[in-house]
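See below for the structure under consideration.
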Amino acid sequence: MGNRLLTLLSSLLLSAAVALMHCSAVAAVEEAEARSLAELLQRLQQERTQQQAELRAREQRFLEEQAQQKARLDRARAEKRQQMKTLQPLQDELADLTAEVQQLESRLQEQGQDLRALQGAFVRIAGEVHASLQQSLVVPQRPEREAELQRLSALDALPQIEDLESLWLLLQEEMTLAAAVSQYQGVYTDVSGQVRSGSLVRVGAFTTFTAAGFLQFIPENAELLLPATQPASRYQSTIEDFYRHPSTLTTLVVDPTRGALIRQLGASVSLRDRIEQAGLIGIIILVLGGLGVLLSLWRISYLLWVSVKVNSQLQHLQAPVEDNPLGRVLIKARQFRVERDENYQFKLDESVLAELPALERGQNFIKLLAATAPLLGLLGTVTGMILTFQSISLFGNGDPKLMAGGISQALMTTVLGLVVAIPLLFSHSFVVSLSRNLVQRLDQQSAGLLARQLEGEVAHAGE
């Protein structure tokens with residue numbers, strides 16, 4: 017308040033000085049005009065008196081205003097004290113509200129972290145579900161769910177209740193469809209690359225087939241492909257039975273590997289392919305093996321027939337016939353006895369030896385084939401390994417398919433050589449056993465004839 021009063025007084029003094037200067041200028045002018053000092057003095061006194069009166073009046077107004085300002089100041093201070101009394105509860109309430117706001121912000125931050133964790137978990141689970149369902153055989157039947165799965169797996173905001181329900185329904189739908197055998201109209205790509213439409217059958221989440229054969233699912237482009245090679249006919253027959261009797265209970269092929277086993281069965285190499293892998297050496301082994309088998313069968317059948325004839329001849333030694341070796345030996349022995357040849361024993365042995373070529377024919381050749389087959393297999397093994405090392409030297413060992421041809425030839429020729437040699441060895445042993453048995457019988461009968469001949473000569477000499 018004192019500073020404001022000083023400011024007012026300074027303003028009054030400044031106004032008075034300005035008025036005096038103005039009056040002095042006017043007085044100078046009037047002085048020049050009045051040309052009288054007395055008039056000038058009188059005017060100055062009057063103006064001074066007038067100015068003093070104005071200053072007192074102005075000072076009085078200032079004092080009144082000062083009193084008014086003081087009263088206002090007192091009222092303002094009183095109002096301030098009153099406001100302070102009412103402000104304190106508000107400040108306390110504000111402090112309480114501020115503390116509550118801080119607590120709420122802390123809870124909001126914690127809940128925000130939980131929600132962000134929920135969002136991350138949802139996106140992760142949705143991505144896993146998306147990756148899993150992409151491999152499912154249900155995809156060709158329900159291709160429209162791919163867009164929803166992509167949206168859920170790429171969600172960048174807090175998942176809503178609708179999103180959670182959508183993911184749940186997709187999982188429930190997958191479980192329901194994967195547990196049933198469904199027949200629906202769909203498309204697939206055939207062997208020539210043409211897109212075909214027709215009736216498709218899905219056996220759970222394991223196998224899909226059409227009337228043309230089993231289908232292979234390609235997850236990368238969500239397409240069904242008809243492989244060029246199909247499994248064996250016993251598996252194909254299940255498809256035919258299903259389409260022939262769709263309303264009856266039939267047996268269907270279930271592949272728990274979702275097509276891997278069917279692809280492996282379809283890609284299995286046939287016997288003809290194995291033989292082609294063995295190459296020229298394998299064909300030579302098979303030709304020699306076939307020749308050895310035919311020769312063995314011929315010799316076995318011939319020796320068995322001869323054995324039957326010899327057994328029949330043993331039952332009728334007194335009536336020999338020429339359709340068997342024993343009969344021919346008996347006939348020649350009678351001729352020698354009638355002629356009373358001194359070299360009876362040697363001629364009898366000669367007649368037995370004459371029958372040996374027919375009985376032992378082809379045995380050495382069968383033995384030769386049995387020994388040659390594994391040697392040819394070894395030759396094929398060496399040739400295949402040479403081809404393998406040539407492939408390694410030209411292309412490196414990065415791609416095993418480049419070495420597969422030589423390795424297949426090496427292994428298959430060895431297998432074919434053993435497959436041919438083992439039966440031929442058994443056949444040779446059986447043929448030798450049959451022929452040796454017949455030769456022993458001839459030797460026994462010739463020895464018996466010789467003994468009877470000697471007995472007759474001894475008896476004749478005694479007489």
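So in the working numbering, spot 280 of the sequence shown is number 296, and the numbers just go up one at a time.
Beta carbons: idealized from backbone N, C-alpha and C, even for Gly.
These numbers were taken from a predicted model, which means no experiment stands behind them.
Exposed or buried, which one is His476 when buried takes at least 16 other CB atoms within 10 Å?
-> By one-based count along the sequence shown, residue 476 stands at place 460. Interpretation of His476 is limited by its pLDDT of 46, a score under 50 that renders its predicted location unreliable; no figure is taken from the coordinates.
Got a sec, what are the start and stop residues for the beta strand (DSSP E) Phe230 sits in?
-> Taking the sequence shown and counting its residues from 1, one reaches residue 230 at position 214. Where Phe230 is concerned, the enclosing beta strand (DSSP E) stretches over 229-234.
Count the other C-beta atoms from every protein chain shown that fall within 10 angstroms of the C-beta of Val474, then say buried if there are 16 or more, exposed otherwise.
-> Taking the sequence shown and counting its residues from 1, the one referred to as residue 474 is at position 458. Confidence is the limiting factor: at Val474 the pLDDT is only 45, short of 50, which leaves the residue's position unreliable, though a coordinate-based value still follows. By the 10 Å Cβ count, Val474 comes out exposed.
Which whole-angstrom value describes the C-beta separation of Thr224 and Leu241, a residue pair presumed to lie in contact below a C-beta threshold of 8 Å?
-> In the sequence shown, the residue the question calls residue 224 occupies position 208. In the sequence shown, the residue the question calls residue 241 occupies position 225. About 10 Å separates the CB atoms of Thr224 and Leu241; that is not less than 8 Å, and the two are not in contact.
CA-to-CA distance, Val448 to Arg429, given in whole angstroms = Position 413 of the sequence shown, counted from the start, is the residue given in the question as residue 429. Position 432 of the sequence shown, counted from the start, is the residue given in the question as residue 448. Before going on, a small fix: residue 429 reads as Thr here, not Arg. Cα to Cα, Thr429 sits roughly 28 Å from Val448.
Is the stretch 332-341 close to the stretch 389-398, with three or more CB pairs under 8 Å?
-> no
May I ask you to verify whether the stretch 310-326 touches the stretch 258-269, counting CB pairs closer than 8 Å and requiring at least 3?
-> No contact exists between the stretch 310-326 and the stretch 258-269.
Which runs of the beta strand (DSSP E) fall wholly inside the stretch 311-339 and span at least 3 residues, in chain order?
-> none
Identify, in the order they occur along the chain, each residue of the same chain with its Cβ nearer than 7 Å to the Cβ of Ile347, setting aside the five sequence neighbours on each side.
-> Within the sequence shown, numbered from 1, the residue matching residue 347 stands at position 331. If we look at Ile347 and ignore the five residues flanking it on each side, its Cβ neighbours are Pro336, Glu338.
State the CB to CB distance for the pair Ala389 and Ala349, rounded to an integer number of angstroms; the pair is presumed to be in contact (CB under 8 Å).
-> Start at 1 with the first residue of the sequence shown, and residue 389 comes out as number 373. Start at 1 with the first residue of the sequence shown, and residue 349 comes out as number 333. So it is not a contact: roughly 43 Å between Cβ atoms.
What do you get for Phe442, buried or exposed, if any count of 16 or more other CB atoms within 10 angstroms of its CB means buried?
-> Taking the first residue of the sequence shown as 1, we reach residue 442 at position 426. With fewer than 16 other Cβ atoms within 10 Å, it is exposed.
Taking the beta strand (DSSP E) that Arg212 falls in, what are its first and last residues?
-> Here residue 212 corresponds to residue number 196 of the sequence shown, with the count starting at 1. Here the beta strand (DSSP E) through Arg212 covers 211-219.
Beta-bridge pairing of Phe225 - partner residues as DSSP gives them | Counting from one through the sequence shown, the residue named residue 225 turns up at place 209. Note: Phe225 sits in a beta bridge opposite Val217, Phe230.
To the nearest angstrom, report how far apart Leu113 and Glu95 are at their CA atoms.
-> As a working note, residue 113 is residue 97 in the sequence shown. As a working note, residue 95 is residue 79 in the sequence shown. C-alpha separation (whole angstroms): 26 Å.
Could you check what DSSP says for Val447 in three-state terms: helix, strand or coil?
-> Looking up residue 447 in the sequence shown gives position 431. Helix, per DSSP.
Answer yes or no: do Leu149 and Glu190 have a C-beta to C-beta separation smaller than 8 Å?
-> What you label residue 149 is simply residue 133 of the sequence shown in a count that begins at 1. What you label residue 190 is simply residue 174 of the sequence shown in a count that begins at 1. Against a cut-off of 8 Å, the Cβ pair of Glu190 and Leu149 comes out as a contact.
Using the rule of at least 16 other Cβ atoms within 10 Å of the residue's Cβ for burial, across every protein chain shown, is Ile301 buried or exposed?
-> Along the sequence shown, one-based indexing puts residue 301 at 285. So Ile301 ends up on the buried side.
With which residues is Val203 paired in a DSSP beta bridge?
-> Stepping through the sequence shown from its first residue, residue 203 is reached at position 187. Ser213.
Could you give the DSSP three-state label for Ser152: helix, strand or coil?
-> Within the sequence shown, residue 152 is the residue found at index 136, counting from 1. Coil, per DSSP.
Of the residues Gln232, Asp90, Ala147, Asp179, the one placed nearest Val203, counting alpha carbons only = The sequence position of residue 203 within the sequence shown is 187, counting from 1. Proximity to Val203 across Gln232, Asp90, Ala147, Asp179 peaks at Gln232, based on C-alpha coordinates.
Three-pair Cβ contact test at 8 Å for the stretch 291-298 versus the stretch 243-258 | no
Quick one: residues in its chain with C-beta nearer than 7 Å to the C-beta of Val139, no 5 flanking neighbours on either side, listed in chain order?
-> Taking the sequence shown and counting its residues from 1, one reaches residue 139 at position 123. Same-chain partners within the cutoff: Ser169, Leu171.
Ends of the beta strand (DSSP E) at Glu160?
-> As a working note, residue 160 is residue 144 in the sequence shown. Neither: Glu160 is in no beta strand (DSSP E) and is coded neither H nor E.
DSSP three-state call for Ser407: helix, strand or coil?
-> Against the sequence shown, residue 407 aligns to sequence position 391. Ser407: helix per DSSP, three-state reduction.
Going by C-alpha distance, which of Leu183, Glu160, Gln199 is nearest Gly143?
-> Along the sequence shown, one-based indexing puts residue 143 at 127. Nearest C-alpha to Gly143: Leu183.
Would DSSP call Glu473 helix, strand or coil?
-> One-based indexing of the sequence shown puts residue 473 at position 457. Any reading at Glu473 must be qualified, since the residue scores a pLDDT of 47, below 50, and its modelled position is unreliable; the value itself is stated next. If DSSP states are grouped into helix, strand and coil, Glu473 belongs with the helices.
Secondary structure at Leu375, three-state DSSP: helix, strand or coil?
-> The residue labelled residue 375 in the question sits at position 359 within the sequence shown. It is helical.
How big is the Cα-Cα spacing for Gln425 and Trp314?
-> In the sequence shown, residue 425 corresponds to position 409, counting from 1. In the sequence shown, residue 314 corresponds to position 298, counting from 1. C-alpha separation (whole angstroms): 32 Å.
For Ser367, does the three-state DSSP call read helix, strand or coil?
-> Here residue 367 is taken as the residue at index 351 of the sequence shown, counted from 1. Residue state, collapsed to three classes: helix.
Near Val145, what residues of its chain come up, given a Cβ to Cβ distance below 6 Å and the 5 sequence neighbours on each side ignored?
-> By 1-based counting over the sequence shown, the position of residue 145 is 129. Hits under 6 Å: none found.
Cα-Cα separation, Ser52 to Leu89 = On the sequence shown, position 36 is the one that residue 52 refers to. On the sequence shown, position 73 is the one that residue 89 refers to. Cα-Cα distance, rounded: 54 Å.
Using only alpha-carbon positions, find the residue among Thr205, Leu185, Leu216 that is nearest to Val197.
-> On the sequence shown, position 181 is the one that residue 197 refers to. Checking every option, the nearest Cα to that of Val197 belongs to Leu216.
Which residue's Cα is closest to the Cα of Asp179: Leu193, Gly214, Glu164?
-> Locating residue 179 in the sequence shown gives position 163, counting from the first residue. It is Glu164 whose Cα lies nearest to the Cα of Asp179.
From Ser323, Thr399, Pro439, pick the residue whose C-alpha is nearest to that of Arg452; which is it?
-> Residue numbering aside, residue 452 sits at position 436 when the sequence shown is read from its first letter. With distances taken between Cα atoms, Arg452 lies closest to Ser323.
Going along the chain, which residues of its own chain have a beta-carbon closer than 7 Å to the beta-carbon of Arg212, five neighbours each way excluded?
-> Counted from its first residue, the sequence shown places residue 212 at position 196. Excluding residues within five positions, the ones whose Cβ falls inside 7 Å are Val203, Tyr204, Asp206.
Might you give, ordered along the chain, the residues of its own chain that have their beta carbon closer than 8 Å to the beta carbon of Arg279, omitting 5 neighbours on each side?
-> The sequence position of residue 279 within the sequence shown is 263, counting from 1. So the qualifying residues of the chain are Gln232, Pro243.
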